Structure formats: structure tokens, C-alpha cells
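K.L.:
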Amino acid sequence: MASLVSRYLGIRFDMDYAFHLIVLISIYAILAVSLDLLVGQTGLVSISQAAFYAAGAYIGAILAVGLRAPFLIEVLAAMLGAALISLLVSIPSIHLRGDYFFIATFAFQLVVTSLLNNWVTVTRGPLGLAGISPVILFGVRIESSGKFAILAVAATAISYVIVWRVVRSPFGRVMRAIREDELFAQSLGKNTQGMKVIVVALSAAFAAVGGCLYAHYMTYIDPTNFTFTESLLILSMVVIGGAGSLIGPFVGAGVLVLLPEVLRLIGLPSNTAANIRQLFYGGLLVTLMFLRPRGFFGKYGFGRKT
Amino acid sequence: MDGVALTFDPGEITAIVGPNGAGKSTLINVLSGYVRPDRGQWYWGATELTKLPPFKIARAGVTRTFQQVRVANQVTVLDNLLLAFRGQKGERLSNAILGIGIREQEKQNHERARELLELVGLEQQALLPAEVLSFGQQKLVSIACCLAMDPDVIMLDEPVSGVDYTLRSRILALLAQLRDRGKLTIFVEHDITAVREVANRAVVMNAGKVLCQGQPGDILRSPEVVEAFLG
Chain A
1 MASLVSRYLG IRFDMDYAFH LIVLISIYAI LAVSLDLLVG QTGLVSISQA AFYAAGAYIG
61 AILAVGLRAP FLIEVLAAML GAALISLLVS IPSIHLRGDY FFIATFAFQL VVTSLLNNWV
121 TVTRGPLGLA GISPVILFGV RIESSGKFAI LAVAATAISY VIVWRVVRSP FGRVMRAIRE
181 DELFAQSLGK NTQGMKVIVV ALSAAFAAVG GCLYAHYMTY IDPTNFTFTE SLLILSMVVI
241 GGAGSLIGPF VGAGVLVLLP EVLRLIGLPS NTAANIRQLF YGGLLVTLMF LRPRGFFGKY
301 GFGRKT
Chain B
1 MDGVALTFDP GEITAIVGPN GAGKSTLINV LSGYVRPDRG QWYWGATELT KLPPFKIARA
61 GVTRTFQQVR VANQVTVLDN LLLAFRGQKG ERLSNAILGI GIREQEKQNH ERARELLELV
121 GLEQQALLPA EVLSFGQQKL VSIACCLAMD PDVIMLDEPV SGVDYTLRSR ILALLAQLRD
181 RGKLTIFVEH DITAVREVAN RAVVMNAGKV LCQGQPGDIL RSPEVVEAFL G
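Same order as they appear, the protein sequences are chains A and B. In terms of this note's numbering, the first sequence has 217 at position 217, counting the first letter as 1, and numbering is strictly consecutive. In terms of this note's numbering, the second sequence has 206 at position 206, counting the first letter as 1, and numbering is strictly consecutive.
(1) Let me check understanding here. Comparing Cα to Cα, which of 300/A, 133/A, 66/A lies closest to residue 246/A?
(2) Once DSSP output is grouped into helix, strand and coil, what is the label at residue 297/A?
(3) At the level of alpha carbons, what is the spacing between residue 52/A and residue 152/A?
(4) Have a look at residue 209/A and residue 158/B and give me their C-alpha separation to the nearest angstrom.
(5) Since residue 90/A contacts residue 196/A with CB under 8 Å, what's their CB separation in whole angstroms?
(6) Just list the residues that DSSP pairs residue 213/B with in beta bridges.
(7) List the residues that DSSP assigns as beta-bridge partners of residue 185/B.
(8) If you scan the segment 66-131 of chain A from start to end, which runs of the alpha helix (DSSP H) of 4 or more residues do you find wholly inside it?
(9) If we ignore side chains and look at the alpha-carbon of each, how far apart do residue 105/B and residue 81/B end up?
(10) Check whether the Cβ atoms of residue 132/A and residue 215/A lie closer than 7 Å to each other.
(11) Going by CA-CA distance only, name the one from 47/A, 203/A, 234/A, 72/A that's closest to residue 108/A.
(12) Decide if residue 28/A is buried, meaning its Cβ has at least 16 other Cβ atoms within 10 Å, or exposed.
(13) Just checking: is the beta-carbon of residue 138/B within a distance shorter than 7 Å of some beta-carbon in chain A?
(14) What distance in whole Å lies between the Cβ atoms of residue 242/A and residue 334/A, which are believed to be in contact at a cut-off of 8 Å?
(15) Is residue 22/A near residue 149/A, with beta carbons less than 7 Å apart?
(16) Output needed for residue 40/A: all residues of its chain with C-beta closer than 6 Å, excluding positions within five of it in sequence on either side, in chain order.
(17) List, in order along the chain, the chain B residues whose C-beta lies closer than 7 Å to that of residue 190/A?
(18) In terms of residue numbering, what span does the alpha helix (DSSP H) encompassing residue 178/A cover?
(19) Distance, Cα to Cα, residue 153/B vs residue 126/B?
(20) Along chain B, in chain order, which residues have C-beta atoms closer than 9 Å to that of residue 177/A?
(21) So the beta strand (DSSP E) residue 103/B belongs to, where does it begin and stop?
(22) Around the Cβ of residue 36/A, are there at least 16 other Cβ atoms within 10 angstroms (buried) or fewer (exposed)?
(23) Determine the chain B residues that contact residue 181/A at a beta-carbon separation under 8 Å, and present them in chain order.
(24) Using a Cβ-Cβ cut-off of less than 9 Å, give me the residues of the segment 81-109 of chain B that come near chain A, in sequence order.
(25) Check the Cβ of residue 149/B against every Cβ in chain A and list those closer than 7 Å, keeping chain order.
(26) To the nearest angstrom, how far is the alpha carbon of residue 120/B from that of residue 187/B?
(27) Give a yes or no on whether the C-beta atoms belonging to residue 129/B and residue 76/B are separated by under 7 Å.
(28) Just to confirm before moving on: does the CB-CB distance between residue 202/B and residue 210/B stay below 7 Å?
(29) For the segment 283-295 of chain A, which residues have a CB atom closer than 9 Å to at least one CB atom of chain B, in sequence order?
(30) Name the chain A residues that come within less than 8 Å of residue 32/B, Cβ to Cβ?
(31) Along the chain, where does the alpha helix (DSSP H) that runs through residue 63/B open and close?
(32) Would you grab the beta carbon distance between residue 63/B and residue 149/B for me? Rounded to a whole angstrom, and I think it's under 8 Å.
(33) Please report the distance separating the alpha-carbon of residue 60/A from that of residue 75/A.
(34) Under 7 Å between C-beta atoms, does residue 176/B make it to chain A?
(35) Consider the Cβ of residue 169/A: report whether some Cβ of chain B lies at a distance smaller than 7 Å.
(36) In the structure shown, what three-state DSSP assignment does residue 224/A receive?
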């Protein structure tokens, strides 16, 4: 079926490329659902998810290259490291609301980008970290794109199951109460500041999983992979797919990963393709804000009670 | 507030009345921890609550509603109530992920929530988002949330203002039930008729000070109080 469609469209169908897209969608689905814990469930709009993504990628890469650590140990270390790093932004800013919290996360993202570029002894700065070895999991060496796609899909499924359990639990209920009215939640005896610190840490931990996967898949990482633009892309996935639902971030990840491929079919000139793509993303976001402010599958509207 | 010194007893309904800007809501905000007083202390029993944050005061058994009604709008009425129950194991992240001890407790809390919704007459609205309810119904939700916490003290900020006669009667009946159960209820109100109907005691405030306090029937007629209200 795929080869029929591709013959009709005049393109070569490549299974490796399909697996590549599956890997990217999976990684971004994990990143988007991790951010949705903050944005959709708790009402904390953050623009620093790429910073935690970077923490996971760099911790995973350093452990893989430097210590030849087993993959699962890398992932756990990356999750713990990202969660601890998240305290640097959550504790000082957790009493801030709305726009001020957003600005605090923006500042954090800039600081992390600067660190990645300048802490050369650890990150090798703009040169990045290369030679990240393939994953070996339960004795299986995961080198092909097909095998990595299976790993990425499995990681996404596990992440989604954990997030689903959290969201539908009493813990998730308190997150949503904080989103709706923090003062009301406090009047019911909820330690909202403590909860927010935990949610930011949880979100960072999941983003780190995405980072570990990315590092091993690409076998090379550098600071340009984890800039503010990347945080904006992840936030766009949550907004477009729909905040506050599990399916929304997944759909958003799919749409924004596949969109460049669709644009490629249109045959834009290569010197303007990147700019036109950005224009398209921006246009899509603005259009959705008018027509479907909750995104495709969103359960949460962004108008707040004051 | 200026030199406010009050004592409240369990099983009593105390109404705080006074003109706008008298300091009535400020008193509730101070007692519930949302405003830190410049000086002075307040105690519930032997426990000082002055410097505690609002969530700790709530956990100590002192609950409140707000003048501008506050509920979790895009959440169902039932979930609003389920939020209010104390000691929920599923509010710990580890228990939430592993599902430890949640199911049985949730079942019990669902039953209690349904009972409370029946008590306030909102059982039909259980699965509706709170934002679609009327203003008066949202007030009932916020009062039901206070009751769900099984508190020792309930502070209500203008519980019957802006509600129709049926809901007003329901709310006043609830206050009487709370008194019968030995709870201390403090409510701020402009509706003097409601004060006379349910309150054991009225405290009249003006310009941040306590003007007088006593039986509602007596003090609300005094010339001093009439002067304060009418200027």
C-alpha cells in the first residue's frame, strides 16, 4: 500500500526513513507529554523543556561515552539529574504566577543554552559530544533504525502509561486544582508550592528520557539541538495537539514532525524552505488560536480565573 | 484591622457584620492565613496559627469560603469535592504511579462525596463542570468542600449574598446543622435577616475595629451600630 501511494506521488518509499519518523515522533511525544504535565495539567506555562531535554541527552551521553554505563542506568541517572536541575528553576520561581513563571523559565532556558556552549570541559561546547555508542539492552545491540523505532515506541508507551496513572490519580486532581485556582486548592489543605516543585521535577525527568533516546539515536549532540526554538517547538506541540489530554501532545508531536515532510513534497526552494516552514508553524498556531483555542484534542482552555 | 480581640467557642455561629471596608473579610483572610497580620496572634485551642500558610491552617481544621466564590471551574462538581477529603494516599506521587492504597479510599471518598452532594442538593450536577453552575450553586459547592474536610472551624464569607431564596434557605439550614454538630462557624454577612435567623452572636466591626458584640437581636438595634451602618 505504501509503495502504491509512493509510486502515485512519484517518491521513493524508504522503510528506514519511515522508522526515522517513528523515532522522532516517539521522542517528541515523550517531550510533549512531559510538558503537558506542566502546561495542561498544572497550568504552568513553561518555555524551558529543551533545557531538561538537554540535561537528559548530555547526562546520558557522558555516561555512555565516559563510563560505558548500561542504558537503563543512564536513563535513571538522566532522569534524576534533570529532576535535580529542575529545582534550580522551580524553587526560586514557584511562587510566581502566570506570565512571571513563563519569564523565569525563559531565563532558565537561556542560562542552560549558555552553559552548554561555554562549559567546555563537560559539554565540549559548540563541538558537541560525538561517538555516543548504540544502546545495548538485555544483550541486544540496537543499531538499526527499525530496532531503535521499537525501543522508542516502547519508551513512549511506558511514559504514557506512567503519566496516565499520575493524571487520573488524586495527585492529578490536585494538579488540575492548582491550574484552576491555586488559592482554592490551598484552602482545601493542598501544599500547592510543594506540588508544583514535584510536578516540574517529574516533567523534567520525562524530558530527560527523550534526551537519552535522542543522544543514542543521533550518536552526536551539540547545544544547537536544545535551544529556545526547540522549547518553543515542544510547547507548540502541546498547544496544537491540545493541552490537558494524553492524546493531544501525541497528535501535536505527529503533526509537527510530519509537517516538514509534507512541505518537502510541495518542493519549496531549498534556500527558503526553513523560513517558510517557520512561517507555516506560526500561521498554524495563530489560526488554531482563533478557530480551536484548545487545539485538536485539548481539554483545557487557557483563560484563567483571576 | 486595629486592635481586634475576639474569642470564639465550638458549637457557636458568630456573624461578623459591618459596613463595606470595615475589615470583615480581612479578618477572615488573616484567620485563614491569606493575609499576615502586622502584629498579634491567633490560636485554635493551644495551637498558634498566626504565621502558618493557608494550607497548613486548613489542615489544622480551619476552613473557609471566599467572597468571590472559588471553585475549580473546568473540573466536575464531584471532583471538586473529592479534592477536599484529607489524608488521600493517592496525593503522594509514588502511590499515584504505583496505585498503592488508592482504590479502596477512592471508593469511600466517592460515597462520601455523593452524600455531601445530596445534603446540599447538587447530586444531579455531580458530573457537570463547576463553571456551568449558577453562582448560588457554586457557593453550595464551596460550602460542601469545606464540609468534606470535616473541619472544626468553618469561615464563610458572605454565604447568602447574591443567591435566590431557595438556596438561601438551604445554606442557612446547613449552618444550623453545623452548629448542632458542635462546629464553630464564623460568617461575614450583610444580610441582617440571615444573621438574626441563625447566629448565636454578632460582632459588629467598623473601620477595622470591633464596635460591639453580643446577641444579634440586641446589638443590631443599638444606636451605635445603626450609626455605623447608616453613617
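Every residue, glycine too, gets a C-beta built ideally from N, C-alpha and C. Only a predicted model underlies this, so the values are computations on that prediction, with no experimental measurement involved.
P.N.:
Quick answer:
(1) Numbered from its first residue, the first sequence carries residue 246/A at position 246. Of the candidates 300/A, 133/A, 66/A, the one whose C-alpha sits nearest the C-alpha of residue 246/A is 300/A.
(2) Taking the first residue of the first sequence as position 1, residue 297/A is located at position 297. Residue state, collapsed to three classes: coil.
(3) On the first sequence, residue 52/A is found 52 positions in, with the first residue counted as 1. On the first sequence, residue 152/A is found 152 positions in, with the first residue counted as 1. If I take the Cα positions, the gap works out to 18 Å.
(4) Within the first sequence, numbered from 1, the residue matching residue 209/A stands at position 209. Within the second sequence, numbered from 1, the residue matching residue 158/B stands at position 158. Cα to Cα, residue 209/A sits roughly 50 Å from residue 158/B.
(5) As a working note, residue 90/A is residue 90 in the first sequence. As a working note, residue 196/A is residue 196 in the first sequence. Their Cβ separation, rounded to whole angstroms, is 7 Å, which keeps residue 90/A and residue 196/A in contact under 8 Å.
(6) The count along the second sequence starts at 1 and reaches residue 213/B at position 213. Paired residue(s): 203/B.
(7) Mapped onto the second sequence, residue 185/B falls at position 185. Answer is 13/B, 154/B.
(8) Counting whole runs of 4 or more residues, the segment 66-131 of chain A contains the alpha helix (DSSP H) stretches 71-93, 99-118, 120-123.
(9) The sequence position of residue 105/B within the second sequence is 105, counting from 1. The sequence position of residue 81/B within the second sequence is 81, counting from 1. Approximately 14 Å, taken between the alpha carbons.
(10) Taking the first residue of the first sequence as position 1, residue 132/A is located at position 132. Taking the first residue of the first sequence as position 1, residue 215/A is located at position 215. Going by C-beta atoms, residue 132/A is nearer than 7 Å to residue 215/A.
(11) Residue 108/A sits at position 108 when you count from the first residue of the first sequence. Per the Cα distances, 47/A.
(12) As a working note, residue 28/A is residue 28 in the first sequence. With 16 or more other Cβ atoms within 10 Å, it is buried.
(13) On the second sequence, position 138 is the one that residue 138/B refers to. It does not; no Cβ of chain A falls within 7 Å.
(14) Only positions 1 to 306 of chain A appear in this structure, which leaves residue 334/A out of reach.
(15) In the first sequence, counting from the first residue as 1, residue 22/A sits at position 22. In the first sequence, counting from the first residue as 1, residue 149/A sits at position 149. Yes.
(16) One-based indexing of the first sequence puts residue 40/A at position 40. Same-chain partners within the cutoff: 243, 244, 300.
(17) Sequence index remark: in the first sequence, residue 190/A carries index 190 (1-based). Result: 55.
(18) Start at 1 with the first residue of the first sequence, and residue 178/A comes out as number 178. That run of the alpha helix (DSSP H) goes 170-180.
(19) As a working note, residue 153/B is residue 153 in the second sequence. As a working note, residue 126/B is residue 126 in the second sequence. Near 26 Å, if we compare the C-alpha coordinates of residue 126/B and residue 153/B.
(20) Translated into the one-based positions of the first sequence, residue 177/A becomes position 177. 72, 75, 79, 80, 83, listed in chain order.
(21) What you label residue 103/B is simply residue 103 of the second sequence in a count that begins at 1. Segment 103-120 is the alpha helix (DSSP H) holding residue 103/B; no beta strand (DSSP E) there.
(22) Residue 36/A sits at position 36 when you count from the first residue of the first sequence. Classification of residue 36/A: buried, given that the 10 Å Cβ count is 16 or more.
(23) Mapped onto the first sequence, residue 181/A falls at position 181. Simply 70, 71, 72, 73.
(24) 82, 83, 84, 85, 86, 88, 89, 90, 91, 92, 93, 95, 96, 97, 98, 99, 102, 105, 106, 109
(25) Working through the second sequence from its first residue, we reach residue 149/B at position 149. The answer, in chain order, is 188, 189.
(26) Working through the second sequence from its first residue, we reach residue 120/B at position 120. Working through the second sequence from its first residue, we reach residue 187/B at position 187. Going from the Cα of residue 120/B to the Cα of residue 187/B covers about 18 Å.
(27) Taking the second sequence and counting its residues from 1, the one referred to as residue 129/B is at position 129. Taking the second sequence and counting its residues from 1, the one referred to as residue 76/B is at position 76. For residue 129/B and residue 76/B, yes; Cβs fall inside 7 Å.
(28) As a working note, residue 202/B is residue 202 in the second sequence. As a working note, residue 210/B is residue 210 in the second sequence. No, these two residues do not count as a Cβ contact at 7 Å.
(29) none
(30) Indexing the second sequence from 1 puts residue 32/B at position 32. The contacting residues are 187.
(31) As a position in the second sequence, residue 63/B is number 63, starting the count at 1. Unbroken run through residue 63/B is the beta strand (DSSP E), 62-64; no alpha helix (DSSP H).
(32) Position 63 of the second sequence, counting from 1, holds the residue named residue 63/B. Position 149 of the second sequence, counting from 1, holds the residue named residue 149/B. Going by Cβ atoms, the distance from residue 63/B to residue 149/B rounds to 5 Å, so yes, they are a contact pair.
(33) Stepping through the first sequence from its first residue, residue 60/A is reached at position 60. Stepping through the first sequence from its first residue, residue 75/A is reached at position 75. Those two C-alpha atoms are separated by around 6 Å.
(34) Working through the second sequence from its first residue, we reach residue 176/B at position 176. Cβ-Cβ to chain A under 7 Å: no for residue 176/B.
(35) Working through the first sequence from its first residue, we reach residue 169/A at position 169. Output row for residue 169/A: interface = yes.
(36) As a first step, residue 224/A must be located in the first sequence, where it is residue number 224. It is helical.
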